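Report on the following structure.
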Amino acid sequence: MTKAGLAVLLIIFLGTAVMAAFISYNLIATSSPPFRAYPSPFSKYVGQPLGEVQVNQTALASLVVSQGKVNGTTNNGVILYIPFNWTLNLTVYNKESFNLTVIMGDASYTVPTNSSMLISIPHLSEGNYTLLISGEDLTYQANVSVIKDLLSPYVYIGE
């Protein structure tokens, strides 16, 4: 067989392999629903016999309070963006020489000196919330925005 014939066979073989890979990728991509694109309450469908299965979504955030600042910022320097109906697990690290009071909504928490506390706020409703952190020499306000069509949480840290 000539070099031209071998080249044609090689092109046919490679084309067939590429098409098979493309077809199998599309079968997987179209048969698996894009779970993260569904609006709340974030459920996925796995078919029979299991039916609908709830997906638990949790946003994790940490705030370090030290030298009169939160995560190195002054008042209003931290904004948390959380998807609607997610749970917020917020860890507050108190490196101050005094106890801190953390208030969000109707809930109030005390974080002792040189310790940390995990604050879990489940199933957040859409809207804007104020996260107030205060102590002897500190009054700090952070903001929490819960957004309905947001797909994943993120944090803005200003100055």
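Residues in the sequence shown are numbered consecutively from 1184, following this note's numbering. For each residue, glycine too, the CB sits at the ideal point set by N, CA and C. In this text the structure is predicted, and so the values were computed from the model without any measurement.
Between the region 1255-1266 and the region 1315-1329, can you find at least three pairs of beta-carbon atoms closer than 8 Å? Touching, yes, given that three or more Cβ pairs across the two stretches are closer than 8 Å.
Residues bridged to Leu1197 (per DSSP): Its beta-bridge partners do not exist; DSSP assigns none.
Taking all protein chains shown into account, do 16 or more other C-beta atoms lie within 10 angstroms of the C-beta of Glu1279, making it buried, or fewer, making it exposed? Around the beta carbon of Glu1279, 16 or more other beta carbons sit within 10 angstroms, so the residue counts as buried.
Could you pull the DSSP bridge partners for Ile1304 from this structure? Looking at the DSSP output, Ile1304 sits in a beta bridge with Leu1271.
Residue range of the unbroken beta strand (DSSP E) whose run includes Pro1266: Residue range Val1261 to Pro1266 is occupied by the beta strand (DSSP E) that includes Pro1266.
Would you identify the three-state DSSP class for Leu1189, choosing helix, strand or coil? Helix, per DSSP.
Distance CB(Leu1283)-CB(Ser1317) smaller than 9 Å: Yes, these two residues count as a Cβ contact at 9 Å.
Count the other CB atoms within 10 Å of the CB of Lys1186; is the residue buried (16 or more) or exposed (fewer)? Counting C-beta atoms within 10 angstroms of its own C-beta, Lys1186 has fewer than 16 neighbours from the protein chains shown and is therefore classed as exposed.
Would a C-beta distance cut-off of 9 Å place Ala1290 and Asn1272 closer than the cut-off? Inclusion of Ala1290 and Asn1272 in the CB contact set at 9 Å is not warranted, their separation being larger than that value.
So, with DSSP's three-state summary, where would you put Thr1213? A caution first: Thr1213 carries a pLDDT of 49, below 50, which makes its placement in the model unreliable, though a value can still be read off. DSSP places Thr1213 in helix when its eight states are reduced to three.
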